[in-house]
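>
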Amino acid sequence: MQQCIQCKRPFEPQDLIASISGSIIGDEHTDSYFLCPVCGVYTVVSWWDNFTGVETVNLSGPLSKQKGDERVSLIGQCSRSWDKKCRCEAHRAYFNNTLD
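If you're matching positions, the sequence shown starts at 3 in our numbering and goes up one per residue.
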């Protein structure tokens, strides 16, 4: 179970605010933004899947609500944020034009 990087509170399903996936050098990268209702900061959970059977997960943050809201807003501009093959403007901006 994921938890807030600042206060260590376990996240509930409703704490997941946004998620986006992209393909970078053939690997699938997914960032999920969790907002802690106690601290008011975001924790970003990043998954890398290079299709070798080993998936890497990293936590980053805390990310201020303002900065997190900006990233969430960018993700929200794509109707297919789950689609690692999407190349819309929001995906390209989010991943700094590094998508396959």
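Glycine is no exception: its CB is placed at the ideal position from the N, C-alpha and C atoms.
In this structure, how does DSSP classify E14 when only helix, strand and coil are distinguished?
coil
> Can the beta-carbon of W11 be found closer than 8 Å to that of V40?
The question names Trp, yet the displayed sequence has Arg at residue 11. Taking 8 Å as the Cβ cut-off, R11 and V40 qualify as a contacting pair.
> For K69 versus S23, is the C-beta distance shorter than 8 Å?
no
> When the Cα of S81 is compared with those of V46, V43, A20, which residue comes out closest?
A20
> In three-state terms, what does DSSP make of V74?
In the structure shown, V74 sits in a helix (DSSP, three-state: H, G or I).
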